[in-house]
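Visitor: Reading the sequence shown from the start, the letters are residues 74 to 154 in my numbering. Glycine included, C-beta positions come from ideal geometry on N, C-alpha and C.
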Amino acid sequence: MDDKEQKERMDRINHQMHVNNERIKRDGNLIVLCLIVPIFGFYFAKKVVDNSDRKIAYFCCFVNFMITIFPLLYETWNPSY
Numbered sequence: 074m075d076d077k078e079q080k081e082r083m084d085r086i087n088h089q090m091h092v093n094n095e096r097i098k099r100d101g102n103l104i105v106l107c108l109i110v111p112i113f114g115f116y117f118a119k120k121v122v123d124n125s126d127r128k129i130a131y132f133c134c135f136v137n138f139m140i141t142i143f144p145l146l147y148e149t150w151n152p153s154y
């Protein structure tokens, strides 16, 4: 393998690592949005690329729903005696 082929190979590897790092950062940002936004969190979770990260995002959506929306619905439907 000459120097030119090795340089091209290293450039491809560096580019792929950069793309993977950007994807990981984007998935992390989407998971944080799932924790913050109660209703549209499922929309953001659907856009996560990695399957295990998507499961974490859906879990964060569920936790967010149980903390924010569920108590409001419970107070609305709770019969007052």
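1) Note down the Cα distance separating residue 106 from residue 140, rounded to an integer number of angstroms.
2) Could you please give the first and the last residue of the uninterrupted alpha helix (DSSP H) stretch that includes residue 92?
3) My assumption, with CB atoms under 8 Å, is that residue 122 sits in contact with residue 100. Please give the rounded CB distance.
4) When you compare the CB positions of residue 104 and residue 118, do they come within less than 9 Å of one another, or not?
5) If we ignore side chains and look at the alpha-carbon of each, how far apart do residue 113 and residue 85 end up?
6) Using CA atoms only, rank isn't needed, just tell me which of 115, 89, 138 and 144 is closest to residue 130.
Guide: The relevant details are as follows:
1) The count along the sequence shown starts at 1 and reaches residue 106 at position 33. The count along the sequence shown starts at 1 and reaches residue 140 at position 67. Their Cα atoms are separated by approximately 15 Å.
2) Taking the sequence shown and counting its residues from 1, one reaches residue 92 at position 19. Residue 92 -> alpha helix (DSSP H) spans 76-109.
3) Translated into the one-based positions of the sequence shown, residue 122 becomes position 49. Translated into the one-based positions of the sequence shown, residue 100 becomes position 27. Contact holds; Cβ gap of about 6 Å.
4) Against the sequence shown, residue 104 aligns to sequence position 31. Against the sequence shown, residue 118 aligns to sequence position 45. Their beta carbons are under 9 Å apart, which means residue 104 touches residue 118 by this criterion.
5) As a first step, residue 113 is located in the sequence shown; it is residue number 40 there, counting from the start. As a first step, residue 85 is located in the sequence shown; it is residue number 12 there, counting from the start. Near 36 Å, if we compare the C-alpha coordinates of residue 85 and residue 113.
6) Here residue 130 corresponds to residue number 57 of the sequence shown, with the count starting at 1. Nearest C-alpha to residue 130: 115.
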